[in-house]
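In our numbering, the protein residues as written are 6 to 1019.
Glycine is no exception: its CB is placed at the ideal position from the N, C-alpha and C atoms.
To start, the structure itself, in structure tokens.
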């Protein structure tokens, strides 16, 4: 096997002939006259002896092979200055006894720039590479900029004489002048409307036609579009790459590294921008030398094409130096980078010593539990830092090469089909060993200088062994995705085994998607970082947070057929302004692994089709429409059900518009008031998650209590006599943060402290030194004392063993009598149990916050039940008219189901707690576990096979409106059987456990079935 294996061309990239040179040659008719003017200018300036002026000018104009474009755009003064600089370089070389004159000229202005430098063909580590990096950073990677720049680059057509050892490379950067800077929908596919005016003048008609087609293809997809053309009668090939503007970074310079690696160099290259958001790059490639061993240039270019999408996904990574210096191929450096990220999340495990310690210490002892938690965090943070892992990887590029070969042996499709048995050797590529796993382990052990290095590279082997499917070798992709077998996760840290795991790496982010069942759904969360310290924390906790969120979702989904899942997208520290770009790449790359029959085939060790159901979460609520429509564009059969929380026009039931999540949470608040005989209007409340959010805004609108504090992203709003309800409702209706609150409506004791405020004196005389710290900890502040605390937002584990004592001992008893946890994971489980023992009643997230998931499940069910035409008629709300009658009625039925399920669970928890005195937080888990286990058992019993019983259960489990509209027979024909089984099991299990509790009498189920279904 070879590094960077060469592949025979496939039908995916058909060779085409190019009938012209693409661009009209640059001819400057005033060149001779300008040359005379430059000579006169130099003579008058006196820097070059008069007798040498003519020779220097002629040498510059005629011997260096500089393209006429330069002389056409530059002034006499600039050209004269460049000639003077070159003359000075010659003098300096002579005084140093150097025979080589290195040319490096540049001029930058607001609208254009010129760079000229010495450039031997096929070499990256020189001035040209640095120049291209500068062009990338200064002109091509300007995200959000209203300006766009086109680039033309030419190599001189002959080696320069007079001490010049190599050819020259010229770059010309000019600001685009578009005919239609903001094209309308009917203009964006017309190249004459969206192209730069200079491009339209210079490009031939044939080139405009090619670019038109590529441009339209780019608009239809997310990843890059590539075309290759022969130039008849020459060895030149023209490679055209189209992609969405600024969807990748550093791509121009990275492409040079790529074709140089495969022994190619460019004579010309162009970067064209279009006002519809498309970029097209054209490269004119030649082989660096005559072919050896019979390998034609087409093989090298084909390999470049195969690897373009890898560079597009990750144009820059910390191992890139090994690629530029030919020590590793593109595939190997990208593989090494992915392995590095995998190690960061899964290498910092706790080891046998920690396991032994857990057996020695009493986990029921709060002091021991806190010690264990502290040791766990310390071990995972300090053992292997990101930098330490990276340094180890950098020391052993040969091991990366061997481990990549082990990965490719499984997932490189042509290799598995035997095509590469005839791979032709190539002078630039090294042959490496094809080792078994056992041989690799021995090689790692012998190469590693200590146990830490061995652990790092054994983690790479773990990665290889557990990848079931990947888009790594897909020819067009936007991020790298891996379907993992999660069985490598240690049980002591992750006691509930995952069913499925996706691992995604993009240039702007990294992410996971975890699920506990085959049929599962949950939201996608974007995680931002305020600063580098916050990013470091988020990085360390990313997978654990994702796992905990998915586990909470699993317990929360007990009433519905889907199990729990969750996705997380962590934005890189320097990419905090690209949440939408990251989300789109995350979704598209996962779809690569779900859609069968489109694009390149891939190795699938899962062995069966999979469907994921995505939903909105923090930072993604506005992206669900795009994901659904993108799945449709990619011909996914499940596109209607792929996302929930879509707009009404696409058949979605927006949680925020109809208050779906809040309807469940608030039923628990009302249940507390009902059981303890309290009047809502007389109760005080503290709320985190403000009027700008879904849950927070609807909690404000639906409640009638006396809210004394609201904490959101902007700060803390507080009034001990109660915040003005009308003003609070105004913010909630407009979805505005609390910094928009009219301060004139605060009482003398009220205040609003924002996160950017410092050294603020409160009405009671307390000085707030940091508004950010005050915001983050206000839920533990004595001022926050209230009847009920309803967290509707906030970071996970905001209350843990480290600070939960502040809620118990505030100087005036517990801060709150009741907590209804609307926000996911706001409390740790240990903190909940301790707080309950101190007398605070807590209803945890998995019970209270399930309205949204119920709504999403019923939205999915409608999408699966209706065909496309029916779905359009009954579930899609047209902008110009009222919602369909069925849609309006279905939304009401969904709301009723949410409130009914919430009341049933609340009553079950309250009664079981009263009977057993078990903490409600434990009962909530026991109730969820009992339902989930019974659900799984019921689906596997003969009850499912009983036709009459099955129909009896499903006739009550399906929403009445769907039954009335379609009938049970049609529903069973259209909805996948595994999904219907899950409905059957969830309906029976939840109803039974809510009625008889988590530990029912052994005959109770028989009585339940007799009473309800037999």
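For this session: Determine, using beta carbons only, whether residue 1015 comes closer than 8 Å to chain C.
Result: Included in the structure is just one protein chain, with no chain C present.
Exercise. Is residue 274 helix, strand or coil by DSSP?
Worked result: DSSP places residue 274 in strand when its eight states are reduced to three.
Exercise. Should residue 244 and residue 293 be called a contact, given that it needs their Cβ atoms to be closer than 8 Å?
Worked result: Going by C-beta atoms, residue 244 is not nearer than 8 Å to residue 293.
Exercise. Quick one: any contact between the stretch 227-234 and the stretch 558-566, if contact means 3 or more CB pairs under 8 Å?
Worked result: No contact exists between the stretch 227-234 and the stretch 558-566.
Exercise. Thinking C-beta only, is residue 574 closer than 8 Å to residue 591?
Worked result: For the 8 Å CB-CB criterion, residue 591 and residue 574 form a contact.
Exercise. Would you call residue 952 buried or exposed, if buried means 16 or more other Cβ atoms sit within 10 Å of its Cβ?
Worked result: Burial call: exposed.
For this session: Tell whether a beta-carbon distance below 8 Å holds between residue 277 and residue 155.
Result: Contact: yes.
Problem set entry | Check whether residue 322 and residue 335 have beta carbons under 8 Å apart | In this structure, residue 322 keeps its C-beta atom at 8 Å or more from the C-beta atom of residue 335.
Exercise. Buried or exposed: where does residue 266 fall if 16 or more other Cβ atoms within 10 Å of its Cβ makes it buried?
Worked result: Counting the other Cβ atoms within 10 Å of the Cβ of residue 266 gives 16 or more, which makes it buried.
Exercise. Roughly how many whole angstroms lie between the Cα atoms of residue 838 and residue 849?
Worked result: Their backbone Cα atoms lie some 11 Å apart in a straight line.
Exercise. Does the beta-carbon distance from residue 869 to residue 964 come in below 8 Å?
Worked result: No, Cβ-Cβ distance for residue 869 and residue 964 is not below 8 Å.
Exercise. Quick one, which of 900, 694, 87, 503 has its alpha-carbon nearest residue 549's?
Worked result: From the listed residues 900, 694, 87, 503, the smallest Cα separation to residue 549 is found for 503.
Problem set entry | Secondary structure of residue 484, DSSP reduced to three states | Residue 484 falls in the coil class under three-state DSSP.
Exercise. What residues are listed by DSSP as bridge partners for residue 122?
Worked result: In the DSSP assignment, residue 122 is bridged to 109, 174.
Exercise. Straight-line CA distance for residue 1014 to residue 959?
Worked result: Using only the alpha carbons, I get a separation of about 14 Å.
Exercise. Is the beta carbon of residue 201 sitting closer than 8 Å to the one on residue 181?
Worked result: It is a contact, given that the beta carbons lie within the stated cut-off.
Exercise. Counting pairs of beta carbons, one from the stretch 808-821 and one from the stretch 701-710, are three or more of them closer than 8 Å?
Worked result: Short answer: they don't touch.
Exercise. Where do the ends of the alpha helix (DSSP H) carrying residue 341 lie?
Worked result: In the DSSP annotation of this structure, the continuous segment of the alpha helix (DSSP H) that includes residue 341 starts and ends at 335-351.
Exercise. Would residue 99 pass as a contact of residue 177 if the rule is Cβ separation under 8 Å?
Worked result: Residue 99 places its beta carbon 8 Å or farther from that of residue 177.
For this session: In the DSSP assignment, find the unbroken alpha helix (DSSP H) run with residue 1013 in it and report its ends.
Result: Residue 1013 -> alpha helix (DSSP H) spans 1009-1017.
Exercise. If you draw a straight line from the C-alpha of residue 166 to the C-alpha of residue 351, how long is it?
Worked result: Low confidence applies to residue 166: its pLDDT is 48, below 50, so where it sits in the model is not reliable enough to give any reading.
Exercise. Distance, Cα to Cα, residue 853 vs residue 929?
Worked result: About 10 Å.
For this session: Kindly give me the distance between the Cβ atoms of residue 27 and residue 318, rounded to whole angstroms, as I take these residues to be in contact under 8 Å.
Result: Contact between residue 27 and residue 318 is ruled out by a C-beta separation of about 28 Å, above the 8 Å threshold.
Problem set entry | Span separating the alpha-carbon of residue 1071 from that of residue 994 | Residue 1071 falls outside the range modelled here, since the chain spans only 6 to 1019, and no answer is possible.
Problem set entry | Reduced DSSP secondary structure (H/G/I, E/B, other) of residue 3 | Outside the modelled stretch of the chain, which goes from 6 to 1019, sits residue 3, for which no answer is possible.
Problem set entry | CA nearest to the CA of residue 53, picked from 653, 595, 91, 29 | Of all alpha-carbon atoms in 653, 595, 91, 29, the one lying nearest the alpha-carbon of residue 53 is that of 91.
For this session: Look up residue 765 in the DSSP assignment and say whether it is helix, strand or coil.
Result: DSSP places residue 765 in strand when its eight states are reduced to three.
For this session: Closer than 6 Å by C-beta to residue 867: which residues in its own chain qualify, once you throw out the five before and the five after it? Chain order, please.
Result: Within the same chain, residue 867 has close Cβ partners 880.
Exercise. Whole beta strand (DSSP E) runs in the stretch 657-745 with 3 or more residues, listed along the chain?
Worked result: As far as the stretch 657-745 is concerned, its whole beta strand (DSSP E) runs of at least 3 residues are 689-693, 711-717, 720-723.
Exercise. Which term fits residue 237, buried or exposed, when burial requires 16 or more other beta carbons within 10 angstroms of its beta carbon?
Worked result: It counts as exposed.
Problem set entry | Nearest-angstrom Cβ-Cβ length linking residue 473 and residue 610, presumed shorter than 8 Å | Your pair residue 473 and residue 610 checks out as a contact, with CB atoms roughly 4 Å apart and the cut at 8 Å.
For this session: Could you have a look at residue 855 and say whether DSSP puts it in helix, strand or coil?
Result: Three-state DSSP puts residue 855 in coil, outside helix and strand.
Exercise. Between the stretch 593-608 and the stretch 489-498, do at least 3 Cβ pairs fall closer than 8 Å?
Worked result: No, the stretch 593-608 is not in contact with the stretch 489-498.
Exercise. What did DSSP end up calling residue 291 once you bin it into helix, strand or coil?
Worked result: Correct three-state label for residue 291: strand.
Problem set entry | residue 57 burial status per 10 Å Cβ neighbour count (16 or more: buried) | By the neighbour-count rule (16 or more Cβ atoms within 10 Å), residue 57 is not buried but exposed.
For this session: Between the Cα of residue 680 and those of 622, 919, 476, spot the shortest distance and give me the residue it belongs to.
Result: Out of 622, 919, 476, 919 has the C-alpha closest to the C-alpha of residue 680.
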